[in-house]
DNA sequence: ACGTACACCTA
DNA sequence: GTAGGTGTACGTC
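Residue numbers (full-length UniProt numbering): 1 to 994.
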């Protein structure tokens, strides 16, 4: 280092605390990990590295280092035992960020320096003085007063948050003394935060005045007798020794042994892909784009690094990080410039590429020997504490909450099972230990009195008090299968699960369409092991037991096995996610949904039971009347609801000529067939009417009130995250995604979904989202233009196809075009379109031919999709989600054709599903940012629609937040070639809001 | 008690 | 023509 060089020294530890307190509202990653300080840190580093010259620093660095405290006792503690004794533990939010900031530093390819026994300030002081002696200039990135003693004409400080440089003049301005007197000033004033005693009654103003008068501390202490103020004089005399001690504490050491010499701090060029991978993993979108642009790399093509959360300076988790360790885009530098002897984290399989690791793991577990005899029951608090310590040590824990109901909103906790991972260095992942903690099991199964609480169990309170900090600890990764269940059940006991992976969702991302995602399926698929079934444990039907009634030994075997399997499956799938480049899909589209959907399910929605009960009565009366007419017309009584009996009446007894047959050879009595028969006889129409009335009654007006929760008085659906091939959600118990809307009778049911007093329901739905996605993926000029200009899309299609002007488009022609547009999305066939429009197959074929002539890009899209799915066995959405079609090469032509249509539909339906998932994942923070937390709450999702409950006074403010969040949901990952449009309305019930 | 077929509700 | 879930009837065990 020489004259003209400029060394930047960043006070990393100081920055964390300052950023934490200076940057409220907390920024969090989608999985709940707090990253506000990390975000500020990365932005600052990037700014300094790229345009320090344009800040008030005014120069470009030639050398650069980030300095951290080493979390152990320092020499100051030897001098003064109470040093920093007042420091409380750092806020919980901050703990995981210490490690992340070190990882950020490495990602920026900067030296990361810490030395045992010394604080960051001493290291900074040593480097600053050395550099200064070599003739270089130094800028210390910090605003900590403890560092101001280092300022000279060559050493400046820089407050990055205020963009303010601190030189000699600024120190004098602030403290009334020059930097050379800062040590004495601090020694007199003391520091309550660090527990530096100082002299009582002396503050900065007095100290500066005294130093001005006497020159320095030693002189002052010698001549203290000259001080006129009695109290002040007495204090100084009495505390002279304490002042000298304080000086030794505040004076920075400039002789710290340095692991890296000055030359090693020379600024190296950035490793663009490595940095982008890190920033993507942290979900810092803006900075990722900026860095990618500056480094000329394609951010979309780079997988996010897998980040290990450490707690401070002590390694907490095994670095189960195949991507970071192996993939070329995130490869660690050959020799990390880390001046610390003790490496943080153990890098599992660090020499292996993700694909190799995935293969090794898959092979190691494929023939799993699952030994249930190793499972243990935890009945003592000491034993539980041991397991908790184990989880804290390894940073990984598989967990399952067992309730006495399959509904997490209703059941009570019966027990919790845990699995730990030991010897995490092994390529296979390590050894797994599993345990079950029975908490509320009962005795005397089948006893009418219900039996009492079984002996020798920890209480729910005892166990949860211990487990809560662990389950909420962001540094410990929790693994589960279908974690939404445990999330909801635990939430009801005051525990909000944080930092988790869900193996069901991981498998869904890897294998949607290839089979079930139940734990049993995953176990068979990945481990070759058939686990105990629920029936094995609890029996079924009338004699089936709830879990709390199950014998503890049997419950233990079942519950402990589940977490054992979960841990194994995770070890297999985690590296596969990386090697298949599906980590982003999992992180952005799946994992955030666990908490989001759990919250929505927990909120539920109010239904008006009076409306439904009245409606039920009306429907019963009308159905009875229609039933009478039907029996009159048929000339006999029969079971109208039996298609078989109905077919016999219509096509046998009455001799009507049947239309279609079902696939089992029965006469079809579908609405479409009956509609056509209505022209020749009165009866078929009555059947259609009767079916509509009874359908609405049984499925909705009768069934819905049964779902009202006894305590909350609301209806809580359950969303299934992994049961469709395309990425859509589904809704069960009750299904709130198929509430009637098309008929007036049906809409009355929808109107029974109401807001609570003082609130309205807000419904926001995407307009034509699937056609917009089609216009984007197939890049159709006419569609793009129509959407850009806001022209009615079906009229435009009709105009293109039939040469009719858009203005004054006849309704029937538009209807046909609309059917064709839908047909396209569904993977059109002449057969299907003919059915839909009740026209000849040949005519439908003509329509399709003409459509493809007008929109050749769509035919190309379809052909390309078909050849892609034939080659790969799957198709992808615009965000990279995969839908698999293993039967695409079937020898059965109709099976093949069906799979082709599904494959054509999946990228369209799936991309739309991805978009609304992105909107949902962001919605909570978007509302919170607008100050609408708890005032506007997302309740339901119906594929292209979100329903909220909003305080009356906040509706006007809510609508734009919701609309914007939804319309911008594809950004920044995808810049859509057509705009997304969202319509939103508020009303007291769902019917009027929609 | 459980599984399947059919019909029909939604996007 | 795509993707779901639920209720009823009716078969089998």
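For every residue, glycine included, the Cβ atom is placed at its ideal position computed from N, Cα and C. Computed from a predicted model, the values in this text were never measured in an experiment.
Taking Cβ to Cβ, would you say residue 694 is nearer than 8 Å to residue 616?
no
Spatial neighbours of residue 6 in its chain, beta-carbon cut-off 6 Å, leaving aside the 5 residues before and after
Excluding positions up to five away in sequence, the list reads 59, 61, 62, 137.
Helix, strand or coil for residue 324, going by three-state DSSP, please let me know.
Low local confidence applies: a pLDDT of 32 at residue 324 is under 50, so the model's placement there is unreliable, and no value is given.
Where DSSP assigns a beta bridge to residue 945, which residues make up the other side?
765
Check whether the stretch 921 to 941 and the stretch 895 to 908 are in contact - that is, three or more C-beta pairs closer than 8 Å.
Pairwise C-beta distances place the stretch 921 to 941 out of contact with the stretch 895 to 908, as fewer than three of them are shorter than 8 Å.
Can you name the start and end residues of the beta strand (DSSP E) that residue 638 belongs to?
Where residue 638 is concerned, there is no enclosing beta strand (DSSP E), given that its DSSP letter is neither H nor E.
C-alpha distance - residue 720 paired with residue 729, whole-angstrom precision
6 Å
Proximity winner among 990, 760, 847, 870, relative to residue 951 (alpha-carbon distances)
760
Taking buried to mean at least 16 other C-beta atoms within 10 Å of its own C-beta, is residue 133 buried or exposed?
Counting the other CB atoms within 10 Å of its CB gives residue 133 a total below 16, which places it among the exposed residues.
My output table needs one value for residue 937: the three-state DSSP class, helix, strand or coil.
strand
N-terminal and C-terminal residue of the beta strand (DSSP E) that residue 718 is part of
Start and end: 718 to 720.
In three-state DSSP terms, what is residue 998?
Examination of residue 998 is not possible in this model, given that the chain is present from 1 through 994 alone.
Residues near residue 923 by beta carbon distance below 7 Å, same chain, minus five either side
938, 965
Is it the case that the Cβ atoms of residue 774 and residue 825 are separated by a distance below 8 Å?
yes
Could you check the C-alpha separation between residue 235 and residue 203 for me, to the nearest Å?
12 Å
Three-state secondary structure assigned by DSSP to residue 329:
With a pLDDT of 27 at residue 329, under the threshold of 50, the predicted position of this residue should be treated as unreliable, and no value is reported.
Closest Cα partner of residue 412 within the set 619, 489, 735:
489
Measuring straight from C-alpha to C-alpha, what distance separates residue 976 and residue 409?
39 Å
Residue 538 versus residue 547 - alpha carbon distance:
7 Å
Delimiting residues of the alpha helix (DSSP H) encompassing residue 97:
Start and end: 95 to 107.
Using a threshold of 8 Å, state whether the C-beta atoms of residue 280 and residue 257 are closer than that.
no
Residue environment, residue 1024, which counts as buried when at least 16 other CB atoms sit within 10 Å
Absent from the structure is residue 1024, since the part of the chain shown begins at 1 and ends at 994.
Could you tell me the alpha carbon to alpha carbon distance between residue 623 and residue 692, rounded to whole angstroms?
Roughly 9 Å between the two C-alpha positions.
Provide the residue span of the alpha helix (DSSP H) that contains residue 490, from first to last.
483 to 491
In chain order, which alpha helix (DSSP H) runs of at least 4 residues are fully inside the stretch 891 to 936?
893 to 929
Beta-carbon separation (whole angstroms), residue 583 vs residue 589, contact threshold 8 Å:
Wrong, their Cβ atoms sit about 11 Å apart, outside the cutoff.
Roughly how many angstroms lie between the CA atoms of residue 414 and residue 460, to the nearest whole one?
8 Å
Indicate whether the contact test is met: 3 or more Cβ pairs, each with one atom in the stretch 561 to 569 and one in the stretch 596 to 613, closer than 8 Å.
no
Do residue 397 and residue 466 have their CB atoms nearer than 8 Å?
no
Residue 167 to residue 146, Cα distance in whole Å?
Here the C-alpha atom of residue 167 lies approximately 14 Å from the C-alpha atom of residue 146.
Taking Cβ to Cβ, would you say residue 500 is nearer than 8 Å to residue 518?
no
When we look at the beta-carbon of residue 838 and count the other beta-carbons within 10 Å, is it buried (16 or more) or exposed?
exposed
CA-to-CA distance, residue 542 to residue 378, given in whole angstroms:
31 Å
Is it true that the CB of residue 141 sits closer than 8 Å to the CB of residue 11?
The answer is yes: Cβ separation under 8 Å.
Would you list the one or two residues that DSSP bridges to residue 417?
400, 436
Indicate the three-state DSSP secondary structure (helix, strand or coil) for residue 42 in the structure shown.
helix
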